[in-house]
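Okay, structure first, notes after.
In the UniProt record's numbering, the protein residues as written are 1 to 364.
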């Protein structure tokens, strides 16, 4: 998804005061926005995101997701801006990109992806929305075809994309006259982002089959669940898109790559510390990892330590972390307790997660 693909996740209208603070974009008639204008808009949206969305303020997870994202960016073409990747605490599957190389992932993607290549496929798709300048092109197209509609819709588009259903409802009145055209434009963008994203995925050393396999997973959930995944509200998935992604992946040399230890550690940390009841780290996942490869076994132990930490059983958590740290003292996922923190038995699990970060990520 890109910034709502002009139709998704605004959470409230923009006030007159906020509108006055918007960067002066000038006109897009006759050409797309300049890169400088996109960066200015991106900075504005990031401020809105920080103010209105439960961002996860966890240096370990943020470092991982930015390293993974920038590995993909290094294999992308037409990169015109730096990229920044954010995690939002949200139990619904979704991701979106907006101006200035900013990409946001919902924490639920750790739950739903089976391996690192699938997670990378979501990032590659969103990166491709940015490199193909889909939002700038969509703005230009909408402003050219329905300028009055665009003015009416702008206020609903500006805020962070926390709730696609609310965003589409906010836009429904002003967008009714051009809805079919926007749907077609959106589907075209999605297929192009898949096509470019699969190439990026393959060049970065990930399995290109991961993209159609994850899309199939979403399609299966939509088919058998009473409520379709939130991601499909903002990422249209007609049969043609799925078959096109599968055909393109089949034409590429396949990389059978193992997920890194960082992926497994990030997954159990995100699920254990930033998920609501019923969506979090489950014993069956840890049992499966405990029987898996060495990386999964380490993540299983780390996950159990996190569960103890969340239950305030700090001694149990420390007893798991201590031998792991003894074997790998440089592992950043196992922060050490220094003399200043010996009175705090929880240090060693949340040592890299400030209290402010946990509060910011907390679901209200």
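All C-beta atoms in this analysis are idealised placements derived from N, C-alpha and C, irrespective of residue type, glycine included.
{"Item": "Proximity test, Cβ basis, 8 Å: residue 77 and chain D", "Value": "This model lacks chain D altogether, as it is built from one protein chain only."}
{"Item": "Reduced DSSP secondary structure (H/G/I, E/B, other) of residue 97", "Value": "strand"}
{"Item": "CB-CB length for residue 214 against residue 113, believed under 8 Å", "Value": "7 Å"}
{"Item": "Bounding residues of the beta strand (DSSP E) (the contiguous stretch that carries residue 84)", "Value": "84-88"}
{"Item": "Coil, strand or helix - residue 102 by DSSP", "Value": "strand"}
{"Item": "Euclidean distance between Cα positions of residue 127 and residue 51", "Value": "24 Å"}
{"Item": "Coarse secondary structure for residue 55, derived from DSSP in three states", "Value": "strand"}
{"Item": "Exposure of residue 188, with buried meaning 16 or more beta-carbon neighbours within 10 Å", "Value": "exposed"}
{"Item": "Sequence ranges, alpha helix (DSSP H) only - wholly within the segment 249-274, length at least 4", "Value": "261-273"}
{"Item": "Proximal residues to residue 242 (C-beta, below 7 Å), its chain only, five neighbours per side dropped", "Value": "212, 215, 216 and 219"}
{"Item": "Reduced DSSP secondary structure (H/G/I, E/B, other) of residue 153", "Value": "With a pLDDT of 48 at residue 153, under the threshold of 50, the modelled position of that residue is not reliable, and the figure given next carries that caveat. Note: residue 153 maps to helix in three-state DSSP."}
{"Item": "Proximity of residue 193 and residue 132 at Cβ, strictly below 8 Å", "Value": "yes"}
{"Item": "Contacts around residue 296, its chain only, beta-carbon distance under 8 Å, and the 5 residues preceding and following it disregarded", "Value": "264, 288, 289 and 290"}
{"Item": "Identity of the residue in 201, 272 and 275 nearest residue 73 by Cα", "Value": "201"}
{"Item": "Residue 245 and residue 198 closer than 8 Å at C-beta", "Value": "yes"}
{"Item": "Nearest to residue 262 (by Cα), restricted to the options 280, 326, 252 and 300", "Value": "300"}
{"Item": "Residue 297, enclosing alpha helix (DSSP H) - first and last residue", "Value": "294-310"}
{"Item": "Neighbourhood of residue 209 by C-beta distance below 7 Å, restricted to the same chain and skipping five residues each side", "Value": "249 and 254"}
{"Item": "Supposed contact pair residue 70 and residue 83 - C-beta distance, whole angstroms, cut 8 Å", "Value": "6 Å"}
{"Item": "Close Cβ partners of residue 35 (< 7 Å) along its chain, the five nearest in sequence each way excluded", "Value": "80 and 81"}
{"Item": "Extent of the continuous alpha helix (DSSP H) run through residue 327", "Value": "314-327"}
{"Item": "Other residues of its chain near residue 332: CB distance less than 7 Å, five sequence neighbours each side excluded", "Value": "60"}
{"Item": "Limits of the unbroken alpha helix (DSSP H) element including residue 195", "Value": "179-203"}
{"Item": "Buried or exposed by the 16-neighbour rule on C-beta atoms within 10 Å, applied to residue 251", "Value": "exposed"}
{"Item": "Own chain, CB closer than 8 Å to residue 78, minus 5 neighbours either side, in chain order", "Value": "131 and 132"}
{"Item": "Separation of residue 44 from residue 278, as counted between CA atoms", "Value": "35 Å"}
{"Item": "Own chain residues within Cβ distance below 8 Å of residue 298, not counting five before or after", "Value": "261, 264, 265 and 324"}
{"Item": "Residue 328 to residue 305 span [Cα, whole Å]", "Value": "16 Å"}
{"Item": "Residue 45 - DSSP class collapsed to helix/strand/coil", "Value": "helix"}
{"Item": "Where residue 136 falls, given that 16 or more other Cβ within 10 Å makes a residue buried", "Value": "buried"}
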